[in-house]
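Residue numbers (this note's numbering): 1 to 138.
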């Protein structure tokens, strides 16, 4: 959406480590990306990002908590059918309804569920900067 997130988060560098803290992978981005954005990734809180994106669009553009039972592609527009029997026609549909998305199923079929065997630990702190190496704790 092109919203400014600069003050919502902070640049961060990302590595993936084994349970014994050995680096398994390190995210490397091109220098022009690092210069343009001030870091590898921007760490921020998801609710803050959602609010910023919602502020950037006209009120009433998004309807929340409204299930879709069917999608009909009519070429020039898409017709959405809702559980209450109503429908809506639109030129653009953005599917952001998760892994069991009806929109994803309509485009690519039923996705197979598979185990990823990943465990992710993350956190956010609001402390002053300390003099430690990247990804190290004191």
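Ideal placement from N, C-alpha and C gives every residue a C-beta, glycine not left out.
Query, Result
"Reference residue 13, options 57, 30, 68, closest by Cα", "30"
"As assigned by DSSP and simplified to three states, the class of residue 113", "coil"
"Environment of residue 45 [buried if 16+ CB atoms lie within 10 Å]", "exposed"
"Residue 142 (DSSP reduced to helix, strand or coil)", "The question about residue 142 has no answer here: the residues shown for the chain are numbered 1 through 138."
"Sheet register partners of residue 79 (DSSP bridge)", "72, 89"
"Nearest to residue 88 (by Cα), restricted to the options 54, 77, 105", "77"
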